[in-house]
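K.L.:
Note that the protein sequences, when read in sequence, are chains A and B. Residues in the first sequence are numbered from 0 upward in steps of one, following numbering that gives the first Met the number 0. Residues in the second sequence are numbered from 0 upward in steps of one, following numbering that gives the first Met the number 0. The beta-carbon is built from N, C-alpha and C at its ideal position, and this holds for glycine as well.
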Amino acid sequence: MSERANQPATNRPPVTADVAPPGAVPEGVEAPSGRFRLPTDSLRAYTMIIALLAIWLFFQWKTISPLYPYGIFLHPNNFSNLLQQMAVTGVLAVGMLLVIVAGQIDLSVGSVVGLAGGVAAMAQGYGLVPSLGLALVVGLVVGAVQGGLISYGNIPAFIVTLGGMLAWRGVVLGLTKGATIPVQLPVFRTLGVGKLTEGFGVAVGALAIAAVVFLTLSRNRARRRHGLTVPSLGATVLRIAVPAALIALFIYWMILGGGMPVPVLVLLAVAVLGGFLTQNTTFGRYLYAIGGNPDAARLSGINIRRYLLAAFCVLGLLVGVASLLHTGRVGSASPDAGTYMELDAIAACVIGGTSLMGGRGTVSGAVVGALIMASLDNGMSLLNVENYMQYIVKGVVLVAAVGFDMLGRRKS
Amino acid sequence: MSSTTNTPLLEMREITKSFPGVRALDGVSFDLHGGELHALVGENGAGKSTLMKVLAGVYPFGTYGGDVVIDGQVRQFQSVRDSENAGVAVIFQELSLIKELTIGENIFLGREPRRFGVIKWEELYSRAQKLLDELNLSLDPRTPVGHLGIGQQQLVEIAKALSQEARILVLDEPTAALTESEVETLFRIIEGLRARGVGMIYISHKLDEVFRVSRRITVLRDGRTVGTRPAEELNEARVISLMVGREVGDIFPEAEHERGDVVFEARNVTVEDPNVSGKLLVKGVGFKVRRGEVLGIAGLMGAGRSELLMGIFGAWPGRVSGEVYVEGKRIKVSRPSDAIKQGVGFVTEDRKRFGLVLDQTILNNMTLAGLRKLSGRFVTDVDAEAAAGERAKKELRVKANSVFTVVGTLSGGNQQKVVLAKWLLTNPRVLFLDEPTRGIDVGAKQEIYAQINRLAREGLAIVLVSSELPEVLGLSDRVLVLHEGRVTGEFKREEATPEAVMACATGHTQRAA
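#1: Give me the chain B residues within the contact set of residue 294 of chain A, using Cβ-Cβ distance strictly less than 8 angstroms, ordered along the chain.
#2: What's the call for residue 58 of chain B, buried or exposed, on a 16-neighbour Cβ count within 10 Å?
#3: Note down the Cα distance separating residue 149 of chain A from residue 160 of chain A, rounded to an integer number of angstroms.
#4: Residue 133 of chain A and residue 122 of chain A: beta carbons closer than 8 angstroms?
#5: Pull up the distance between the alpha-carbon of residue 150 of chain B and that of residue 367 of chain A, whole angstroms please.
#6: Could you tell me the distance, in whole angstroms, from the CA atom of residue 434 of chain B to the CA atom of residue 464 of chain B?
#7: Can you tell me where the beta strand (DSSP E) holding residue 74 of chain A begins and where it ends?
#8: For residue 416 of chain A, which of helix, strand or coil comes out of DSSP?
#9: Straight-line CA distance for residue 287 of chain A to residue 278 of chain A?
#10: Does any residue of chain B have a CB that is nearer than 8 angstroms to the CB of residue 287 of chain A?
#11: Would you say residue 430 of chain B faces chain A, with C-beta separation under 8 angstroms as the test?
#12: Is it the case that the Cβ atoms of residue 347 of chain A and residue 365 of chain A are separated by a distance below 8 angstroms?
#13: Does DSSP put residue 261 of chain B in a helix, in a strand, or in coil?
#14: By Cβ distance, which residues of its chain are closer than 7 angstroms to residue 301 of chain B, with the 5 residues on each side in sequence left out?
#15: Please classify residue 505 of chain B as buried or exposed, where buried requires at least 16 neighbouring CB atoms within 10 angstroms.
#16: Mapping the DSSP letters down to three states, classify residue 324 of chain B as helix, strand or coil.
#17: For a quick check, are the C-beta atoms of residue 405 of chain B and residue 450 of chain B less than 8 angstroms apart?
#18: Who are residue 483 of chain B's beta bridge partners in DSSP?
#19: Does the pairing of the stretch 124 to 133 of chain B with the stretch 13 to 31 of chain B give three or more beta-carbon distances under 8 angstroms?
#20: Would you call the stretch 146 to 162 of chain B and the stretch 93 to 105 of chain B in contact, with 3 or more CB pairs under 8 angstroms?
#21: Can you list, in chain order, the residues of its chain with a C-beta nearer than 6 angstroms to that of residue 436 of chain B? Leave out the 5 residues immediately preceding and following it.
#22: Report yes if the C-beta distance between residue 309 of chain A and residue 90 of chain A is below 8 angstroms; otherwise report no.
#23: Applying a beta-carbon distance threshold of less than 8 angstroms, which residues of chain A neighbour residue 359 of chain B?
#24: Which same chain residues end up closer than 6 angstroms to residue 77 of chain A when comparing Cβ atoms and leaving out the 5 residues on each side of it in sequence?
#25: With distance defined between alpha-carbon atoms, name the residue in B/30, B/344, B/328 and B/25 nearest to residue 334 of chain B.
#26: Under 8 angstroms: do the stretch 111 to 129 of chain A and the stretch 167 to 185 of chain A share three or more Cβ pairs, one atom per stretch?
#27: Answer with yes or no whether the minimum CB distance from residue 485 of chain B to chain A is below 8 angstroms.
#28: If we cut at 8 angstroms on Cβ distances, does residue 140 of chain B have a partner in chain A?
#29: Let me see if you follow: with CB-CB separation under 8 angstroms, is residue 282 of chain A close to chain B or not?
#30: For residue 367 of chain B, would you say it is in contact with chain A, using Cβ-to-Cβ distances shorter than 8 angstroms as the test?
#31: Take residue 107 of chain A as the anchor and find which of A/217, A/283 and A/94 has the nearest alpha-carbon.
#32: Could you check how far apart the C-beta atoms of residue 325 of chain B and residue 428 of chain B are, in whole angstroms? I think they sit under 8 angstroms.
#33: Helix, strand or coil for residue 331 of chain B per DSSP?
#34: Return the bridge partner residues of residue 123 of chain B from the DSSP annotation.
#35: Would residue 153 of chain A pass as an interface residue toward chain B - the criterion being a Cβ-Cβ separation below 8 angstroms?
#36: What's the call for residue 47 of chain B, buried or exposed, on a 16-neighbour Cβ count within 10 Å?
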């Protein structure tokens with residue numbers, strides 16, 4: 000898992016700061032002789048970042064015009080917009096990752112986004128907390144029911160969630176009688192479109208940098224205590240400085256764009272939590288083992304059913320979160336909300352290096368995958384690429400990403 | 000049909016086959032005449048299956064040394080299809096039928112009678128019916144194979160071989176899964192095939208059957224031919240001594256372990272086949288192990304050794320009954336985690352399938368079973384884990400750049416050490432080892448042996464299952480022998496001669512010592 004966690008803080012501004020510091024550790028052991036060997040997984044992470052940067056530069060170049068001599072794509076306004084667009088898919092991808100890593104799948108995600116959002120909108124009359132809370136409860140309950148059928152009922156996840164995709168959509172249609180319900184609570188709306196004030200943004204950035212400093216130093220202490228090699232002073236400084244600089248730049252850029260969007264903050268929080276869950280808990284470790292080799296996991300005393308159920312519950316909860324972001328952003332809950340979102344989430348995971356066979360994949364990869372997809376969407380819209388072409392390009396990118404991955408794996 | 004022609008139907012000359020680190024066959028010669036039944040016997044791992052895979056084209060021409068000659072002509076099989084075309088049919092222990100398809104579909108799989116690519120079902124089923132009738136099997140060829148018992152499936156395999164007009168039929172442990180009446184049916188069919196001039200190679204651990212049906216017997220040992228004799232010149236005792244007749248050698252450090260109190264006891268363990276209800280794979284087996292003792296469990300393939308351990312460990316998919324005691328206290332085990340909590344560790348057989356998550360690091364594999372003890376109940380402590388992993392790596396001498404190396408890239412011996420480390424990191428009181436040296440090279444084997452002795456010296460109770468008789472005899476303080484799910488013998492270290500153990504393993508109960 001070291002390699003996985005290793006994708007150092009050098010990567011993309013928006014998502015990194017969180018996931019990297021807790022994991023950036025075991026490197027010291029990896030290359031004690033000073034000979035630096037890139038593990039294949041982190042090599043893959045670098046290719047992904049390079050691909051992302053290439054996409055960004057390409058769109059930046061293509062959007063140069065007399066009005067914007069440096070291009071529009073990375074302009075703070077557009078960039079902030081792009082991140083808002085990806086927040087929903089990103090949150091779903093983090094949840095989906097847990098399930099896919101364990102060798103499962105969930106096709107019902109889009110319908111449940113529609114259901115949870117619809118329920119939340121209908122419950123607005125009971126006040127803010129019941130309304131938002133109900134969306135989370137709906138997600139959790141659906142996750143628990145489907146996860147229970149899958150793990151304790153031995154019905155394949157593909158079947159259960161395919162049925163769920165149809166059935167939950169039916170439930171939304173029935174509940175709302177096909178009507179679109181507007182969002183009236185201001186805070187609900189803020190979840191989707193709000194932006195943090197400058198002061199708040201700076202505070203978040205400062206907090207993140209403080210966390211990086213604290214985690215890096217406490218990490219060093221722990222390694223000394225266990226008699227493992229401790230990174231040199233220079234390396235430690237670098238490990239703090241690089242992420243800190245990226246965080247600062249990111250916050251600055253967001254402020255230029257009118258303030259850090261609330262959904263982006265939610266996505267960052269979800270990504271940090273998801274990263275922690277996968278890399279730093281027994282739960283996460285067991286999911287990788289279950290997906291990688293269920294027989295070995297079972298014989299090592301892991302209660303597979305319990306952990307599969309838990310993974311579907313976490314996904315369900317995140318689907319609830321995503322439904323709020325989506326409904327808030329659109330400004331209303333329509334009965335067909337969320338259609339095809341499961342496919343976007345799965346695609347984000349896969350582009351991010353997750354194996355559908357289970358056992359491989361990272362939260363940061365899934366988030367970058369979502370970012371790549373959102374960048375393509377946003378960039379092609381800026382260039383007025385026709386709709387049909389956008390679908391084709393995204394489809395080709397998905398297949399090509401996995402194709403390259405297979406090529407690289409075969410060689411190694 | 001003359002069976003005494005001078006040119007043999009099949010001749011395998013000086014066959015040599017190597018795998019990385021192992022020479023599985025070393026100049027083995029074997030021949031077979033039409034209408035003859037020639038038995039091939041030897042311990043597990045003696046090279047019987049490898050030899051048959053050469054014959055069947057599983058290992059294509061060029062990957063082995065020596066010649067396969069059929070009808071006086073050297074053959075160069077590239078694939079199983081080539082050998083089938085030359086009239087070779089092999090019925091392996093693991094049946095190759097597709098359960099969802101019917102008997103007829105299975106018999107003609109890949110060779111369906113057809114016109115313009117459309118299958119002629121009537122012809123297929125009428126030909127299948129004719130084959131079944133020839134074998135005196137009252138079965139409807141439209142029955143899905145999954146509905147048949149294992150014994151009948153085996154007979155369907157034979158029908159399939161006949162449909163290919165096989166002249167050389169290899170039967171690998173054909174009676175392992177059969178009931179007595181099915182065995183009689185099989186023997187009748189064998190008689191009929193012999194009369195039709197089919198040459199048969201019969202592989203079996205059951206020596207009484209071997210003597211009943213075969214005309215000649217070839218004994219393999221360690222990839223070499225020990226001898227080929229007419230059956231009437233041999234008896235079971237003689238065959239056993241040919242099978243085991245080898246120096247146990249001094250690769251096993253002579254270790255007299257200090258034995259303490261009984262740590263672990265299993266009583267009256269019975270294990271049922273999950274697929275065939277009522278069929279018992281282990282029938283009322285019990286044993287005790289003391290602190291610092293190595294208990295060896297010997298037996299041939301299918302004797303129920305792994306099933307016994309899996310059953311005790313709570314990992315068997317079928318029904319299990321019996322009582323388990325750890326340090327005199329009865330424990331209830333319904334899943335592996337229960338056993339692990341009570342201090343039972345289990346280095347399972349087939350490390351790639353049951354032992355390791357190949358995509359993950361050495362460290363993650365080492366800490367998988369003991370993660371909560373080593374690292375914290377929910378939040379993991381990567382550094383505490385890394386420290387424990389580094390210690391284990393050093394102690395077991397795992398050769399790898401670091402504990403963050405992916406396990407799938409290691410050699411078999413090092414992978415096995417990782418599995419061992421995984422269980423040692425759970426702090427077990429008793430450790431089961433199932434085939435701990437399968438498929439690893441000699442040097443790594445010796446290292447594993449040394450570790451087993453060290454662990455026993457340090458007071459661990461060890462239960463060792465191995466198909467390699469010398470390994471069991473060389474390491475164990477006591478040897479339990481299983482045959483078809485029952486204990487047929489128990490020996491102290493000094494009484495456990497290869498001949499005596501092998502006799503029990505082939506079904507004789509222990510002579511009163």
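P.N.:
In short, the structure shows the following:
#1: 352 and 353
#2: With 16 or more Cβ atoms within 10 Å of its Cβ, residue 58 of chain B is classed as buried.
#3: 9 angstroms
#4: yes
#5: 55 angstroms
#6: 6 angstroms
#7: Note, residue 74 of chain A: premise wrong, no beta strand (DSSP E); not H, not E.
#8: In the structure displayed, chain A extends from 0 to 411; residue 416 of chain A sits before or after that span and is not available.
#9: Those two C-alpha atoms are separated by around 10 angstroms.
#10: yes
#11: no
#12: yes
#13: strand
#14: Taken in chain order, the residues that qualify are 175.
#15: buried
#16: strand
#17: no
#18: For residue 483 of chain B, which the question treats as bridged, DSSP gives no partner whatsoever.
#19: no
#20: yes
#21: Cβ neighbours of residue 436 of chain B beyond the five flanking positions: 444 and 447.
#22: No, they are not a contact pair.
#23: 0, 287, 288, 291 and 358
#24: If we look at residue 77 of chain A and ignore the five residues flanking it on each side, its Cβ neighbours are 71.
#25: B/344
#26: yes
#27: no
#28: no
#29: yes
#30: Yes - at least one Cβ of chain A is within 8 angstroms of the one on residue 367 of chain B.
#31: A/94
#32: Confirmed, Cβ separation roughly 7 angstroms.
#33: Coil.
#34: For residue 123 of chain B, which the question treats as bridged, DSSP gives no partner whatsoever.
#35: no
#36: Classification for residue 47 of chain B: buried.
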